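J.: Can you read through this structure? Questions will come right after.
Chains as they are written, first to last, in the working numbering: chain A, 1 to 315; chain B, 1001 to 1315; chain C, 2001 to 2315; chain D, 3001 to 3315; chain E, 4001 to 4315; chain F, 5001 to 5315.
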């Protein structure tokens, strides 16, 4: 299929992600207020893509991000190494008391009729302090990189992070690197970052630099201000609504060659029907539906983006 | 023994503490960077005194503090109830992303030659926003309270928390309530709060309102600027140095009637020798030495303050 | 909807329950004979209603019950405080060997085609020693109570507990408090307490004092001796059989203004379809059916009673 | 060494114990009132000897006891088989509610300065219902048994259990089987079983049938009414006091050929110095002292009895 | 129903199995490469039948197998005792380094769309060294045995194990003992044991001695070289294909009187539809279909064989 | 101090180890035969040195070893990455059944008077198949390596592994890389590898290529056949015996410039006194004694070698 762009055949790195590394406090199926024991996972929407590609698919990937010199930073750095992701760290010193911090996301797994609950402590987060100039993109991309990935979570962290995304994408394009962006619209994050108007302004500027966009119809509406369809979908697994919005997207952003999203019907917290749909340079691709027994839905969208990018990188 | 003051014989509450409630992330004996599972404990230097007095000694106690309406706040509130401590909460709403937060303290237990490691995420902490006027002290103390307790950790959180301590102590004294203060000097906290000079200024103003002071010679030096002794102690269990400093203390702060501290010789993380010494209105009291097998030393000083206050409340 | 009675608009307590506190030994999905580790939960059919209303719905509730002064009693008392339920305890001393005991219920969670197994050690149970005169109902209800709840489990424990239920309900009515009773028929409990004949006699006498009755058709038959319907239901979710029995109930007990029950189709231990139906002063109310992924079914009926009472208390 | 009796050289069973099987609820180092998770161990003072001899030393042993047909009984029976102990069960049916029960012992492990806490629910215990005639001793001993063991815990359970002990010992002697008895005086058990006077009467009658007696000076005083020594021991590891009492013992009970006990100095819950001493047919045997790091002291005395009997059986 | 053979009505043992005991390393639902903690289960296809019959159905069973004198052997022997299975061990000494070993099977539980992964370390396995002459079958069967069971896993371990199976079956038949064999075809095991040709040769020789054969159509094809049906089944629960192959089986092996198998439709790792079908001396028996919530599928076929044999033994 | 050789000041790798990677099955303080749950650790005497230097000291290290393509290999490879050790793998395919395997070491932690128990399943171990020619040493050392480390465990695995050690050391010396070797004499390993005579022959040939030798007096005697001292040491912490043997060592192996060892007095499994002594090019270095609370002694000697090499690399 003609993608509308050419992915470098080889490189020292298959993908570089730019995004925050966070530690997730996870009480499993117990709601937070009743829990006494927790697992800590290392996560981050943009990082997850680099991690999945390295750990599940054996690609060579890297994460450009902030790292704080304190034990939580060390914990996170060990897991990044374990996943086989090359670290490109801008380092910060912790003052012992208030930060800068590796952010915390609190998220349980939910159960049955109870959905997962997600909230953050991103106060004084090191990753939000990242700014243009912090990474030497020319050197990073100069060694041969095939793909650059970022997303809306990192873009929402501060004014400087969204500027950094654009800086990185421009450097990527200069080096012939394909750029993807996962809109990943999070009400909570943007609410404290200027609201939906600022989201649209910030994300709109970023998307002008994107080759491959990931996001569902709600992301397209809330992140970029596109109009939703006039007719109702027969089900959440119906790709019609999503595909019906693409014309607007590619008209405004002719640089975008691919738009893709998952389609999910959430029966219970532990049972989802999943499908996916992509608009690829004018063509429609619709995945078969899969019945999933779900242990923990957090990060599911990042998993989709990972697999989708893998298939593109693998031809 | 004549204490130099009179404790109310009865009241609806035996003690009210003022301080922050925090949640401790505890990986046990595993260092943070190697840990994957954690217990969450509810703690707080000032709260611990109220909790111990209620849970171990059956007294009626309360905690005046900040509480955030989000699941970590709910978790903390449940444990406060479980300990039998009456909550007096100034409530805050969480924005889902950056706070205000119930602070996090990360602390492992150490092992053998490895001491516990302690660091915080107190960024945008709700308790630091507490300020004079937030609590109706006249009503609180008006129902009959025997003792008020606070400490240096809470005083260090912000300009307004130290002002709030003084406001509370003045209201307490007006109502005939005894006031104790645990200096609890923490280098890390004051370093980001104006340093040792500000510590001395802030704590000095508070201590002018105190009847019972808890702190060792290092606390007295760093918190209040007293001079250390010229001669070396034969051991950390020797009460001489501590007692040698008291004259300076009571000259500058004649309101103080009791000064007490633990004396500890730390052989390994898991084996301490403990004693305690008090200057009580001119008399010296020296506890026998006890060999302790130590599971987790964090909060040990609060335990001492609890037992010491209990014995005073119990005559 | 006209309920046929008037619930006090306000009070210092929204609900007082009378019943036994027990500790549940729970091996999770492992059958008892293969298990080596267990969780202990604090439970009790009547207590669960007070606990759910306090913990989930934020009401002010209390439990009147027996409490034994020994470590298992302390464990239970801590959980009661944690749930925010006010304790009204008649206290007993433990002899170290044989009791009186806080009763044990052994109950696993079952799995798939294996249902949970439930059995007791209620021998020499403190709660069974409760008797008329043990609680000062006039004082308890005099401070303003909106609702009183009890159930068939507590009534079965001894001759004196059923007498105590009637004493409490009479005092409640005198104070204008609404009385609910959950029949909760348990074959095992009544088998050792005089059998079904005595159950009918005891429960019949209690129900004469009840405003709101909770129980399904089997409860109505076994507890109160009503006749079952002549025709078979199309499914366990069909409310017809239950509603068809109500005429008999309200004829014999005109004091009863509401009868309610869950309707459950148990597909496997981990998948139930739930609905509920109520006869409310001549009207029928039928809840929609909900597909539940079930972690642990024990206490499900108490959860229904809690939600049902909450909705009545909340208008 | 001449023991004063002759142990059968061989047999189908090396030892038969008579005693109750119990399940221990063990929260580890957490005190009960703070614990939420527990291990269940199968224990019983008399059983432990049979279990240790089978599991650690490879002997063929059996336990004669009560077994209840319910899941806790099944759990216990599996562990008995796992230990390689042959069951000789008198079976009881459980009524689902009150018993007869396999007794519960609640016992934590203590920590440092906190000693283990032990209490029971032996209400309506099946083993207490055992009585003369329940076991066919002639058949049991007729197949070749070398040793019979019982102890003071089982003897205290009821009037019939002490009678059963004597019945068993008489049958044992008739068959040439050596009889040992561990006094194991437990204040709590005898307090609810007629007190120390009854203990002396019951145990005195049993001891008339004993060849090998296990017990320290306190056991000898409280169980059998012997006078303690007039002089104080230099330490708990000094065998003098114990040996000084033996003369009284063998004068009153000339049938006793061996008396043995541990000598323990408990420094902390986790550090004991252990030794042991025995009077063997007129000779003194004194074991070297061993410094023990103690994980869980419960059952330590049974371990000593096991090793001591093993050494006698092994010549 | 006329089975075509007569099962001994009684015996000192209901069943003797011959097969390897292994220890399974089980990380639960976590894939091996991400796991850090594991349970060890004792397993073995042939042993599982003896264990289920003893533990679930209360029969008297035994396992004839190899046992190594080292701690993993001790661990395994304890579990065998716990299950109530009589051990008949040919013992081997471990050299501390390379064996002979009790084999390891590594098997997780899978989850949802991820099936369990199974692989082995059977290198230098003690059970593979078992050979004709290692067991005194005449004595074993001479004491009264009703049934002998073996299977294809044990037969694949070495040249001598398949010879031992035939030796045992011939001795069994001489003593009037019924012989069953579960084909249990495992690609991985035969691949390293001479491949499918050798499988057919070895298993064909064994099956000539079998009364009751367990295996599905795939087992029949791969183990014995029968031809599969020409038409496709409507579903995996359709017994047609299986029954259609029986004619070939009984023509070639007229000694076989019963062939039985499960029929399974695996919807996800955690949801199977199960049925079973048997050809019994010319008659067809088809079990109803059961929807199973599956915790761990490993050993499911052994469970079927156990229940099937139980029903035959129980008439 | 003049070491007698010159360590390269810099390089792309600070150290390369050659040795086997194994997975340790660890039941903690529970003896194997009683355990049901286990942790898996990745270990290996030679690897541990590379891992400690990377993880604790931040050096750049690598491990040259065998890696098997199967889930246990994947598990091990992830931990190697997590520790920050660069993998240099010779890869093997697993046959699903018998190997080649990543070896298993079974080792508990012991407790108090019970020492740890260690045994292996090294049957058909991939690392034992490593042989000269498997690694391209010239390329590995050509990129700049400062130190090469190996030990007696790897040397004992097979004839080819000891040859490989010599090949590697010769290549190292050619490239100016310092060579260390830890004798690590293991009775169990050599017993099945030709015994002590072969050990002496194999290890003697290796040691001719060594600059820095690690081993205590027992290692020197058993590995290399040196004579022990004529006089007894006052304690195991006395360095006299060790130093007294050095003259023999350096006379026979003049290439050796440093010999070092730990000195340990094992009071209990959980309490050791540790010291260390080194002969450095004619000088004696004796470390102070340290009282260690020991969680798990396995790998302690590797920890010493790591710290010792670190101090040499760091000048």
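Quick reminder that beta carbons are idealized off the backbone N, C-alpha and C, glycines included.
Computed from a prediction, not measured in an experiment: that's the story for all the values here.
1) Would you call the CB atoms of residue 3016(D) and residue 3145(D) closer than 8 Å?
2) Can you pull out the residues from the region 5290-5304 of chain F whose beta carbon lies closer than 9 Å to at least one beta carbon of chain B?
3) Can you confirm whether the region 4077-4092 of chain E touches the region 4106-4124 of chain E when touching is taken to mean that 3 or more C-beta pairs between the two stretches lie within less than 8 Å?
4) Can you give me the Cβ contacts of residue 1183(B) inside the same chain, cut-off strictly under 6 Å, excluding the 5 residues immediately before and after it?
5) Report back the beta-carbon spacing between residue 2102(C) and residue 2007(C) to the nearest angstrom; my notes put them in contact at under 8 Å.
6) Count Cβ pairs between the region 5032-5051 of chain F and the region 5062-5069 of chain F that sit closer than 8 Å; are there 3 or more?
7) Roughly how many whole angstroms lie between the Cα atoms of residue 5206(F) and residue 4159(E)?
8) So is residue 1205(B) in contact with chain C if we call contact Cβ pairs under 8 Å?
9) From what residue to what residue does the alpha helix (DSSP H) around residue 1306(B) run?
10) Go to residue 1170(B), then tell me how far its alpha helix (DSSP H) extends in each direction, as first and last residue.
11) Within 10 Å of its beta-carbon, does residue 2097(C) have 16 or more other beta-carbons around it, so buried, or fewer, so exposed?
12) Would you please state the rounded distance, in angstroms, between the beta carbons of residue 1123(B) and residue 99(A)? I believe it to be under 8 Å.
13) At a CB distance below 7 Å, what residues from the region 80-99 of chain A approach chain F? Give them in sequence order.
14) Would you please verify whether the beta carbon of residue 5071(F) is less than 8 Å from any beta carbon of chain E?
15) Any idea what DSSP makes of residue 3071(D), helix, strand or coil?
16) Name, going along the chain, the residues of the region 31-54 of chain A whose beta-carbon falls closer than 8 Å to a beta-carbon of chain B.
17) Could you give the DSSP three-state label for residue 1106(B): helix, strand or coil?
18) What does residue 3113(D) reach in chain B if we use C-beta pairs closer than 8 Å?
19) Closest by CA to residue 3175(D), which one among 3199(D), 3157(D), 3163(D), 3139(D)?
20) One question on the structure: do residue 46(A) and residue 75(A) come within less than 8 Å of each other, judged by their Cβ atoms?
21) Consider the Cβ of residue 3174(D): report whether some Cβ of chain C lies at a distance smaller than 8 Å.
22) Step through the CB atoms of chain C and report whether any lies within less than 8 Å of the CB of residue 3065(D).
23) By the criterion of Cβ-Cβ separation under 8 Å, what are the contact partners of residue 1262(B) in chain F?
24) Compare the C-beta of residue 4002(E) with all C-beta atoms of chain A and state if any pair is closer than 8 Å.
25) What does the alpha-carbon distance come out to for the pair residue 2165(C) and residue 2171(C)?
26) Using a Cβ-Cβ distance under 8 Å, would residue 270(A) count as near chain C?
27) What's the call for residue 288(A), buried or exposed, on a 16-neighbour Cβ count within 10 Å?
28) Hey, how far is the Cα of residue 4094(E) from the Cα of residue 4042(E)?
29) With a Cβ-Cβ cutoff of 8 Å, do residue 1255(B) and residue 1002(B) count as a contact?
30) At the level of alpha carbons, what is the spacing between residue 5058(F) and residue 5084(F)?
31) Applying a beta-carbon distance threshold of less than 7 Å, which residues of chain A neighbour residue 5078(F)?
T.: Reading off the structure:
1) By the CB criterion at 8 Å, residue 3016(D) and residue 3145(D) fall inside the cutoff.
2) Listed in sequence order: 5290, 5291, 5292, 5293, 5294, 5295.
3) Contact annotation: the region 4106-4124 of chain E does not touch the region 4077-4092 of chain E, with fewer than three C-beta pairs closer than 8 Å.
4) Excluding residues within five positions, the ones whose Cβ falls inside 6 Å are 1152, 1215, 1219, 1223.
5) Going by Cβ atoms, the distance from residue 2102(C) to residue 2007(C) rounds to 32 Å, so no, they are not a contact pair.
6) Of all C-beta pairs linking the region 5032-5051 of chain F to the region 5062-5069 of chain F, three or more are shorter than 8 Å, placing the two stretches in contact.
7) So the alpha carbons of these two residues sit roughly 41 Å apart.
8) Closer than 8 Å: no.
9) Start and end: 1300-1313.
10) The continuous alpha helix (DSSP H) containing residue 1170(B) extends over residues 1159-1174.
11) A buried status is given to residue 2097(C), since no fewer than 16 other beta-carbon atoms sit within 10 Å of its beta-carbon.
12) That pair is a contact at about 5 Å.
13) Sequence-ordered contacts of the region 80-99 of chain A with chain F read 81, 82, 84 [C-beta pairs closer than 7 Å].
14) So yes, residue 5071(F) belongs to the interface.
15) Residue state, collapsed to three classes: helix.
16) Correct list: 31, 32, 33, 34, 35, 36, 37, 38, 39, 40.
17) Shown here, residue 1106(B) sits in a strand according to DSSP, grouped into three states.
18) Correct list: 1290, 1292, 1293.
19) Comparing Cα-Cα distances from residue 3175(D) to each of 3199(D), 3157(D), 3163(D), 3139(D), the minimum goes to 3139(D).
20) It is not a contact, given that the beta carbons lie outside the stated cut-off.
21) No, residue 3174(D) lies away from the interface with chain C (no Cβ there is under 8 Å from its Cβ).
22) Among the residues facing chain C, residue 3065(D) is not included, as its CB has no counterpart in that chain under 8 Å away.
23) Within chain F, no C-beta atom comes less than 8 Å from the C-beta of residue 1262(B); the nearest is roughly 22 Å away.
24) Not closer than 8 Å to any Cβ of chain A, the Cβ of residue 4002(E) fails to qualify, so no.
25) Using only the alpha carbons, I get a separation of about 10 Å.
26) Chain C contact via Cβ: present.
27) Label assigned to residue 288(A): exposed.
28) Near 19 Å, if we compare the C-alpha coordinates of residue 4042(E) and residue 4094(E).
29) Going by C-beta atoms, residue 1255(B) is not nearer than 8 Å to residue 1002(B).
30) Roughly 9 Å between the two C-alpha positions.
31) In chain order, 82 make up the part of chain A whose C-beta sits under 7 Å from the C-beta of residue 5078(F).
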